[in-house]
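First comes the structure, then the notes that go with it.
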Amino acid sequence: MDLVCHSPKLVHRSSLTRHKQEIKESKDLTKIEQIYKDLVPTAPESKEVCKVTFPDGKIIELPILLGTLGPPMIDVRNLYGKSGYFTFDPGFTNTGSCVSQITYIDGEKGELLYRGYKIQDIAENCDFIETCYLLLYGELPSVEDKKKFDDEIKHEMLVHDKLISFYKGFQSGAHPMAILVGVVGALSSFMYDGLDIEDPIQREYAAIKLIAKMPMIAAISFRTAMGLPIIYPRNDLTYTENFLYMMFADPMDKDWQVDKLLADVLDKILILHADHEQNASTATVRIAGSSLANPFACIAAGIASLWGPMHGGANEAVLNMLDEIQIKENIPSTIDLIKDKKFRLMGFGHRVYKNFDPRAGIMRTLCHKVLKHIGSEDDQFLELSMELEKCALEDKYFVDRKLYPNVDYYSGIVLKAIGIPKDMFTVIFALARSIGWISQWREMISEKMIKIGRPRQLYVGQKERKFMNIADRKDNFKELTSIFKVKKGKKGFTIYNP
Ligand code: ACO
C-alpha cells in the first residue's frame, strides 16, 4: 500500500503515469487495446423483421434483434419516425435499454451467468477478487493476473485523509446508507480533475479505485456511527478479510484475528450480489452515466436507487418484518395481511425470476453454515423465516404470482450471524454491487455512440389553456399551504426544522 502523502490529484496522476509506463514497458499495447475493444458490445444486425399494423391500416416493418441468449427483441428505435407512435412501458418490464455482454439471467429457468459462467460455479470456486476481474475484463484471471489485480486493488485501498473528515459532518445515528451516498459522491471531488472518461485506461483506473476504496468507505460509515476509531487496511489480509478487520478490529487488542470462515461466507455474499444485469440501481448508474457525468457521481446515484426496500433495502426490511412477526403462530395472520395487500412479503418476488432465484439457494446453504459455526443452529429468525417461506410457497396467492424467495430473503440472517448490524446490510450490498455498476458504466461509456437516457411519457395533464392573473385565481389548496406555514421564533427568526 502506497502511504506517501501526495495531493489527491497527484496520487491519481502518478498512478496513471505508472500504469501507462507499465503498459509501454510491457510492449503489449496492441493486446491491451484489443482487450478494451472486445469489451465494447455492439447491437447485432437484424436478419428478420416483424410487421405492425396501425389503426389507420398503415403497416410498417420493424427489425428483430437476436442476442446470444434470451428472447428476441423488436427494435423500436425508428418507430416514431416511421409511424408517429411511441411505446408505453412503465418500469421497463418489456423494454431493453442497452446491449451488454456482462451478465445474463434466465428468469424461467432460474439461471444467472456472469460472463457466461454459472453463478453456482463462481460462488463455489472463485473469490470476490476473481469475480471482480471476470466482470471487469470478461475472463477469469490466471494466477499471475489475479496477483497483479489484487496488488493493484490493495495499492488503492486507502482513502484520502480529507475524505475521512466528511464523516464528521454526519449526524450521529445517521443511516449508513445516507453516509455512503454522500461520501461516494464526494469521491468525485477528489478525482474529477484527473479523470478523462474518454480514455480507457483512466476509466479502468476509476473502476479499480472504486472497488478498492469501497470496503474502507463502508467500514468508516459504521465506525463513525458507533463512535469507534478508524482502522486502516492491511496488506496481509484479503479484500473481504480487510473489510471485516476495518469493521470490527479492536485497536487495543494486538491479537485480534479475522474469523476465516466468516470472511469466506461474506466473500460468497459479495459474489452473489456482484452484478445482476439491468436492475433498478444499475439502470440508474447507466442513465446518470449517459449524461457523461463522472463515474463516482453515477455510482452515488446507483447507491441511492439501491437503498429502497423494493431493491437492495429488502435485506434490512426482511429482518424488520421477522422482528414484527416474532413467533410462528403469527405467520397465518401475516400472510392474510399480505394477501390483503396491506404490505409485501419482503425478500420474496422478483421482476425477472419466476421460478427460483439461484442465489437464494446458495444463500440458504451459507445461512446454515454460518449459524453452525457460531453455534446458533436453532436461531429463531432462521426457524421463523423457513416456516414463513414454507407457508408462502404452499399458498395459492404466491403460487399464482410465481413469487419465490429472492437473494435477500436469507442474506439478512447470514449477515446478522456474522455480526453485521441491520442498517449496514444494504451498505454491504452496495459494496458488492460496486463492481457490477462500474463494469456496466464502463461498458456503456466505451460505446462509440452514447445515447443520453431520456424516456418518453404519456401526457394526461391539461391541454394548453389561457393564462390567469394572480388576482383572478381561486384558493385551490388552502389545506396544503397551511401545512407549509413558516414557523417563527421568539424574535421573529425563522425556525429551521429539517
Ligand atoms: N409480497 C406480496 N405480493 C407481491 C410481492 C411480495 N413480495 N411481490 C409481488 N407481489 C404481487 C403484487 O402485489 C402483484 O399482485 P397483483 O397481480 O395482484 O397486483 C404481483 O405480485 C406482481 O407484482 P409486481 O409489483 O408487478 O412485480 P414486480 O416485478 O414489479 O416487482 C419486486 C418485483 C419489486 C421485487 C416485488 O416482488 C417486491 O416488492 N418484492 C418485495 C421486496 C423485495 O424483496 N425486493 C428485493 C428484490 S431482489 C433485489 O433487488 C436484490
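Note that the sequence shown covers residues 332 to 829 in my numbering. Glycine is no exception: its CB is placed at the ideal position from the N, C-alpha and C atoms.
Cβ of Leu-370 within 8 angstroms of Cβ of Val-380? For Leu-370 and Val-380, no; Cβs fall outside 8 angstroms.
Can you tell which of Gln-533, Thr-555, Ile-436 has the C-alpha that lies nearest to the C-alpha of Ser-503? Cα-wise, what sits closest to Ser-503 is Thr-555.
Proximity below 8 angstroms, CB of Ile-460 to CB of Lys-477: Going by C-beta atoms, Ile-460 is nearer than 8 angstroms to Lys-477.
Quick one: residues in its chain with C-beta nearer than 7 angstroms to the C-beta of Pro-372, no 5 flanking neighbours on either side, listed in chain order? Leaving aside the five residues that flank Pro-372 on each side, the residues in its chain whose CB is nearer than 7 angstroms to its CB run, in chain order, Val-430, Ser-431, Gln-432, Glu-774.
Gly-643 versus Asp-654: straight-line alpha-carbon distance, rounded: A straight-line Cα-Cα distance of about 19 angstroms links Gly-643 and Asp-654.
Pro-640: beta carbon under 7 angstroms from a heavy atom of the ligand ACO? Under cutoff, so the answer is yes.
Given 7 angstroms as the limit, tell me if Val-738 has its C-beta closer than that to any heavy atom belonging to the ligand ADP. Annotation note on the ligand ADP: not contained in the displayed structure, which lists the ligand ACO as its ligands.
Any idea what DSSP makes of Glu-379, helix, strand or coil? Three-state DSSP puts Glu-379 in a strand.
Can at least three beta-carbon pairs, one atom from the region 729 to 743 and one from the region 687 to 704, be found at a separation below 8 angstroms? The region 729 to 743, when compared against the region 687 to 704, does touch it at the 8 angstroms Cβ threshold.
Alpha carbon to alpha carbon, how far is Lys-413 from Tyr-790? Give it in angstroms, no decimals. The alpha-carbon atoms of Tyr-790 and Lys-413 are separated by roughly 21 angstroms.
C-alpha gap between Cys-336 and Lys-449, whole angstroms: Note that Cys-336 scores a pLDDT of 34, beneath 50, so its modelled location is shaky; the value from the coordinates is reported in the next line. For Cys-336 and Lys-449, the distance between alpha carbons rounds to 43 angstroms.
For Lys-809, name the three-state secondary structure that DSSP assigns. Of the three classes helix, strand and coil, the one that applies to Lys-809 here is helix, per DSSP.
Using the beta-carbon count (16 or more within 10 Å), is Leu-466 buried or exposed? Burial call: buried.
Ile-395: first and last residue of the uninterrupted beta strand (DSSP E) it sits in: From DSSP, the beta strand (DSSP E) with Ile-395 extends over 390 to 396.
Ala-645 Cβ short of 7 angstroms to the ligand ACO heavy atom set: With a threshold of 7 angstroms, the Cβ atom of Ala-645 counts as near the ligand ACO, since some heavy atom of the ligand is closer than that.
Is Phe-756 buried or exposed, if buried means 16 or more other CB atoms sit within 10 Å of its CB? Here Phe-756 is buried. Its C-beta has 16 or more other C-beta atoms within 10 Å.
Helix, strand or coil: which one does DSSP assign to Pro-402? If DSSP states are grouped into helix, strand and coil, Pro-402 belongs with coil.
Three or more C-beta pairs below 8 angstroms linking the region 531 to 546 and the region 761 to 776: Touching, per the Cβ criterion.
Does the beta-carbon of Ile-600 have 16 or more other beta-carbons within 10 angstroms, so that it is buried, or is it exposed? Within a 10 Å sphere around the beta-carbon of Ile-600 sit 16 or more other beta-carbons, which makes this residue buried.
Nearest CA to the CA of Gly-401: which residue from Val-407, Lys-440, Lys-733? Minimum Cα distance to Gly-401 is reached at Lys-440.
Select from Trp-772, Ser-612, Ala-509, Glu-487 the residue whose C-alpha is nearest the C-alpha of Pro-546. Among Trp-772, Ser-612, Ala-509, Glu-487, the Cα nearest to that of Pro-546 is on Glu-487.
Distance cut-off 7 angstroms: Met-677 Cβ against heavy atoms of the ligand ACO: Judged by the Cβ position, Met-677 qualifies as a neighbour of the ligand ACO at the 7 angstroms threshold, a heavy atom of the ligand being closer than this.
If we ignore side chains and look at the alpha-carbon of each, how far apart do Thr-569 and Asp-667 end up? Their Cα atoms are separated by approximately 46 angstroms.
Between the Cα of Ala-628 and those of Asp-671, Pro-375, Val-514, His-681, spot the shortest distance and give me the residue it belongs to. The shortest Cα separation from Ala-628 among Asp-671, Pro-375, Val-514, His-681 belongs to Val-514.
Which same chain residues end up closer than 6 angstroms to Gly-438 when comparing Cβ atoms and leaving out the 5 residues on each side of it in sequence? Only Val-683, Tyr-684, Lys-685 meet the Cβ criterion.
Roughly how many whole angstroms lie between the Cα atoms of Lys-809 and Thr-424? Each residue's Cα considered, the two are about 39 angstroms apart.
Specify the secondary structure class of Tyr-280 as computed by DSSP and reduced to three states. Residue numbering for the chain in the displayed model covers 332 to 829; residue 280 lies beyond these limits and cannot be assessed.
State yes or no: is the C-beta of Ser-716 within less than 8 angstroms of the C-beta of Ala-748? The answer is no: Cβ separation not under 8 angstroms.
Does DSSP classify Thr-384 as helix, strand or coil? Strand.
Return the chain-ordered list of same chain residues with a C-beta closer than 8 angstroms to the C-beta of Ile-658, the five sequence neighbours on each side being excluded. Scanning its chain for C-beta atoms nearer than 8 angstroms, with the 5 sequence neighbours on each side dropped, one finds around Ile-658 the residues Leu-715, in chain order.
Can you determine whether any heavy atom of the ligand ACO sits closer than 7 angstroms to the C-beta of Asn-610, and answer yes or no? Yes, since a heavy atom of the ligand ACO falls inside the 7 angstroms radius drawn around the Cβ of Asn-610.
In terms of DSSP beta bridges, what is Pro-736 paired with? Pro-736 pairs with Phe-679.
Where does the unbroken beta strand (DSSP E) through Thr-434 begin, and where does it stop? Note, Thr-434: beta strand (DSSP E), 434 to 437.
With a threshold of 6 angstroms on Cβ separation, who are the neighbours of Leu-593 within its own chain once the five nearest residues in sequence on each side are excluded? If you ignore the 5 residues before and after Leu-593, its C-beta comes within less than 6 angstroms of the C-beta of Ile-749, all in its own chain and listed in chain order.
Beta-carbon gap between Ile-562 and Ala-549 smaller than 8 angstroms: Judged by their CB atoms, Ile-562 and Ala-549 are not nearer to each other than the 8 angstroms cut-off.
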